[in-house]
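Only one structure is covered here, and it is reproduced in the block below.
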Amino acid sequence: MIRFLINIAISLITAAVGLLVTSWILPDFHLDAAGFIVAVLVFTIAQAILAPFIFNMARQYASAILGGIGLVSTFVALLIASLFPNGIRVDGIVTWILATLIMWIITALGTWLLGLWWLKGRVEERRANP
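Read in order, the letters of the sequence shown are residues 1 to 130 in full-length UniProt numbering.
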């Protein structure tokens, strides 16, 4: 149960950082302060639901695109988050593509790095308290 809660926290943190960085880098990616929490929650939930679903669909029907599953689920999660009012607004195809790439990189690296950091802390804790 603790691991599940840690994974949720890591997903929320990386989504928040990803949305903030994306809005700072891309002038046509608009993040409303009032809808920031909603955007983070919707993106995180959509990503958690979509990634396994899209992976299974691709594995069954188009195994050649399995490597791009993260990008596809990130794009769809951004699209769903943009449907909620006062959250995010993306103007232009190039911004959609770049926002997807930035969010994918930040959430993937963030999840990996925060996971390693948490795991390292757990290992050190167990070594200190055998």
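In this text, a Cβ means the ideal position worked out from N, Cα and C, and glycines have one as well.
N-terminal and C-terminal residue of the alpha helix (DSSP H) that residue i is part of
i: residue 12; result: 2-25
i: residue 75; result: 69-82
Test item: CB-CB of residue i and residue j under 7 Å
i: residue 43; j: residue 99; result: no
i: residue 76; j: residue 101; result: no
i: residue 90; j: residue 82; result: yes
i: residue 71; j: residue 96; result: no
i: residue 111; j: residue 10; result: yes
Proximal residues to residue i (C-beta, below 7 Å), its chain only, five neighbours per side dropped
i: residue 40; result: 12, 15, 16 and 19
i: residue 73; result: 47, 50, 51 and 54
i: residue 108; result: 70
i: residue 26; result: 95, 98 and 99
Other residues of its chain near residue i: CB distance less than 8 Å, five sequence neighbours each side excluded
i: residue 86; result: 32, 34, 35 and 38
i: residue 113; result: none
i: residue 21; result: 102 and 106
i: residue 78; result: 43, 88, 90, 96, 99, 100 and 103
Chain C within 7 Å of residue i, Cβ atoms only
i: residue 108; result: Reference to chain C is not applicable here, since this structure consists of a single protein chain.
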